[in-house]
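Participant: Have a look at the structure that comes next, please.
In the numbering used here, the protein residues as written are -3 to 233.
The structure is reproduced here in structure tokens:
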């Protein structure tokens, strides 16, 4: 299912989510100034190449490569799907957890996602690009925070399609299962088959674990309970 909206309104404007979306778009537009061969050279020199990370894992340049790689994308479809998921699920995670944790989650997930893919394919010379690992962490956080929220999406059925509405735990659970399944299948390819499935898996697990730990430290009532509490207070006043 391709999700198109969630039934989960926010309490405030998700400025950081909008900024992250804008930065990804701006970097992609900048990429289009260059020819495809030049873009490949940019990816080789300014993003993550697993073999280079293994050769020099603790350098400042390696850290910068990991950071820069989160904002490069290989095409319009790559960019669109990543930002669709960030737009759908990022606003609620930012709203619920606050900006500081949200940014920490985003970049921590992105870093671990890259390292997960590098550890699986340490000799690969194919650049790792895209915000997928960081956004996967946001999806993991959403699963912990809003498992029962309804998510609407499109299910393609050949030349037709139909709308469906499932709880978030089903949508995100299927997404994670597919990433894991195709990641296992890609183990037969020397470089992972062109899609960094283990980066998606690693980023998602970071989001799940960090946000689960956060809920243990900072307990908040579920969003439905908070809305009911606010309603009762407003009716009493």
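Glycine residues also receive a C-beta, built at the ideal position from the N, C-alpha and C atoms.
Quick check on residue 37: buried or exposed, where buried means 16 or more other Cβ atoms within 10 Å of its Cβ?
Facilitator: With fewer than 16 other Cβ atoms within 10 Å, it is exposed.
Participant: DSSP three-state call for residue 54: helix, strand or coil?
Facilitator: Three-state DSSP puts residue 54 in coil, outside helix and strand.
Participant: Do residue 68 and residue 107 have their C-beta atoms within less than 8 angstroms of each other?
Facilitator: Cβ atoms of residue 68 and residue 107: not closer than 8 angstroms.
Participant: Quick one: give me the first and last residue of the beta strand (DSSP E) that residue 157 is part of.
Facilitator: Start and end: 156 to 163.
Participant: Quick one: what does DSSP say residue 213 is sitting in, helix, strand or coil?
Facilitator: Residue state, collapsed to three classes: helix.
Participant: What's the call for residue 115, buried or exposed, on a 16-neighbour Cβ count within 10 Å?
Facilitator: Per the 10 Å Cβ criterion, exposed.
Participant: Quick check on residue 150: does DSSP put it in helix, strand or coil?
Facilitator: Strand.
Participant: Is the beta carbon of residue 10 sitting closer than 8 angstroms to the one on residue 90?
Facilitator: A contact, by the Cβ cut-off of 8 angstroms.
Participant: Is the distance from the Cβ of residue 118 to the Cβ of residue 45 below 8 angstroms?
Facilitator: Against a cut-off of 8 angstroms, the Cβ pair of residue 45 and residue 118 comes out as no contact.
Participant: Residue 94 and residue 13: beta carbons closer than 8 angstroms?
Facilitator: Contact flag unset, no.
Participant: Where does the unbroken alpha helix (DSSP H) through residue 131 begin, and where does it stop?
Facilitator: Here the alpha helix (DSSP H) through residue 131 covers 128 to 141.
Participant: Just grab the DSSP bridge partners of residue 61 for me.
Facilitator: Paired residues: none, contrary to the question.
Participant: Mapping the DSSP letters down to three states, classify residue 122 as helix, strand or coil.
Facilitator: Residue 122 falls in the coil class under three-state DSSP.
Participant: Near residue 121, which residues of its chain fall below 8 angstroms by C-beta distance, leaving aside the five closest residues on each side in sequence?
Facilitator: These residues qualify, in order along the chain: 45, 46, 47, 187.
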